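Taking it in order: structure first as structure tokens, then the write-up.
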């Protein structure tokens with residue numbers, strides 16, 4: 003299992019105590035019947051972006067984090083989403099095969115967006 007986010011260089015650490023913020027945008031990476039991954043993003047007043055996530059695992063459990071600078075601040079919404087995808091890749095072995103493919107497709111769509 004990989005233990006480092008491949009998009010770590012995009013993250014700007016936040017060393018202060020921060021509260022979660024309300025999500026302004028939600029991206030449904032996958033909405034398979036058995037597993038769901040949603041990445042939420044929100045801009046901060048200082049112009050940086052933060053992310054959060056909701057994962058409904060195939061085993062019936064749920065992992066939730068509201069968007070917060072505690073997870074890092076990012077220069078753009080795209081960078082926040084890429085970092086969130088990289089975070090999900092750390093747990094790739096725990097996802098169903100279909101979900102893994104959707105995560106790779108989501109990453110590819112974000113990377114291609116930079117080309118155009």
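In the numbering used here, the protein residues as written are 3 to 118. Where is the CB? At the ideal position from N, CA and C, for every residue including glycine. Because the structure is a prediction, the values reported are computed rather than measured.
Between the C-alpha atoms of residue 107 and residue 48, what's the straight-line distance to the nearest angstrom? Along the chain shown, read from residue 1 onward, the residue named residue 107 stands at position 105. Along the chain shown, read from residue 1 onward, the residue named residue 48 stands at position 46. Rounded to whole angstroms, residue 107 to residue 48 spans 31 Å at the Cα level.
Residue interval of the beta strand (DSSP E) (run including residue 75): Start at 1 with the first residue of the chain shown, and residue 75 comes out as number 73. Where residue 75 is concerned, there is no enclosing beta strand (DSSP E), given that its DSSP letter is neither H nor E.
Of the listed residues 22, 40, 103, nearest to residue 83 (C-alpha basis): Taking the chain shown and counting its residues from 1, one reaches residue 83 at position 81. For residue 83, the nearest C-alpha among the options comes from 40.
For a test of the three-state rule: what should DSSP assign to residue 63, helix, strand or coil? As a position in the chain shown, residue 63 is number 61, starting the count at 1. Reduced to three states, the DSSP call for residue 63 is coil.
Evaluate residue 111 with the Cβ neighbour count: other Cβ atoms within 10 Å of its Cβ, from every protein chain shown; 16 or more gives buried, anything less gives exposed. In the chain shown, the residue the question calls residue 111 occupies position 109. Counting the other Cβ atoms within 10 Å of the Cβ of residue 111 gives fewer than 16, which makes it exposed.
Is it buried or exposed, residue 109, if we count other Cβ atoms within 10 angstroms and call 16 or more buried? Translated into the one-based positions of the chain shown, residue 109 becomes position 107. Looking at its Cβ environment, which holds 16 or more other Cβ atoms inside 10 Å, residue 109 is buried.
For residue 144, three-class secondary structure by DSSP: Residue coverage of the chain in this structure runs from 3 to 118, which leaves residue 144 outside it and unanswerable.
Could you check the C-alpha separation between residue 28 and residue 8 for me, to the nearest Å? Within the chain shown, numbered from 1, the residue matching residue 28 stands at position 26. Within the chain shown, numbered from 1, the residue matching residue 8 stands at position 6. Cα to Cα, residue 28 sits roughly 22 Å from residue 8.
Tell me the residue span of the beta strand (DSSP E) that contains residue 11. Translated into positions along the chain shown, residue 11 becomes position 9. From DSSP, residue 11 is part of no beta strand (DSSP E); its letter is neither H nor E.
Could you give the first and the last residue of the continuous beta strand (DSSP E) run that contains residue 54? Within the chain shown, numbered from 1, the residue matching residue 54 stands at position 52. Residues 51-58.
For residue 39: DSSP bridge partner residues: Indexing the chain shown from 1 puts residue 39 at position 37. The secondary-structure analysis by DSSP pairs residue 39 across a beta bridge with 32, 57.
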